[in-house]
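This report concerns only the one structure given below.
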Amino acid sequence: MRLIAITTEAMPDKEAAAINLLFDNGLETLHLRKPSAPEENVRQLIEQINPLYHPKIVLHDCFDLLGLFDLKGVHLNRRNPLPPQQKHLSVSCSCHSIEEAKEAGRYDYIFLSPVFDSLSKAGYRKGFTGEQLTQAGADGIINEKVIALGGMTAETIPYIIRYGFGGAAVLGALWGAFAEDGNLTALAERFNRLLIN
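In this note's numbering, the protein residues as written are 135 to 331.
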């Protein structure tokens, strides 16, 4: 099972150190999502990340930075609906219905959300019943290319494995407390609890 981390929209203190620490602890892929940040700030953040980890970073915005860094790929969204012309990039997108998830074959992988109540977005409730997810798994719609997003914790990840998801994308379970306390040790502990699933 893959574990993908998504950054917060904000630019917290020690974020580059935190990202390097997550990679040091076995993170496979980081989605760098900074929709309101100026490109210069995103560039500076990437420069502070160990270059060995750049090929594990996916951009949600600032696609022009692909020309400056050896990055993994892009995540398409309303702001950036088309992939850049560069070859050999991973391309992913987000889906919010089982029907949309049927299009997973067009991408390297997709996020399906919200699978559980969001930890990072207050009031953002789960979008699927257990029965719907079980059926989508049985029908082959949920597969190794579909990554669960929304409410991912050490307690919920075992469920998504049973549904047949290829992995989990985490945001709130990792960054919620870090934004307040900046505690790198606690961040690594939270990540490792998620990783053992």
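In this text, a Cβ means the ideal position worked out from N, Cα and C, and glycines have one as well. Model, not experiment: these values are computed from the prediction.
| Check | Outcome |
| --- | --- |
| Cα-Cα separation between isoleucine 232 and alanine 270, rounded to whole angstroms | 7 Å |
| Rounded straight-line distance, which links the Cα of arginine 177 to that of leucine 205 | 12 Å |
| Inter-residue CB distance, leucine 164 and lysine 148 (contact presumed, cutoff 8 Å) | The pair is not a contact, with the Cβ atoms about 15 Å apart (cut-off 8 Å). |
| Closest Cα partner of cysteine 227 within the set Gln219, Phe245 and Pro217 | Phe245 |
| Inter-residue CB distance, methionine 135 and alanine 302 (contact presumed, cutoff 8 Å) | 7 Å |
| Contacting residues, own chain, Cβ-Cβ under 6 Å from glycine 316 (five flanking each side not counted) | Asp147 and Lys148 |
| Member of Leu199, Arg324, Ala311 and Val249 whose CA lies at the smallest distance from the CA of glutamine 173 | The question names glutamine, but residue 173 in the sequence shown is glutamate. Comparing Cα-Cα distances from glutamate 173 to each of Leu199, Arg324, Ala311 and Val249, the minimum goes to Leu199. |
| Simplified DSSP assignment, three categories, for cysteine 330 | Before going further, note that residue 330 is isoleucine rather than cysteine in the sequence given. Isoleucine 330 falls in the coil class under three-state DSSP. |
| Rounded straight-line distance, which links the Cα of phenylalanine 299 to that of aspartate 242 | 14 Å |
| Proline 248, buried or exposed, once every other Cβ within 10 Å from all chains shown has been counted against 16 | buried |
| Cβ pair asparagine 326, asparagine 154 closer than 8 Å | no |
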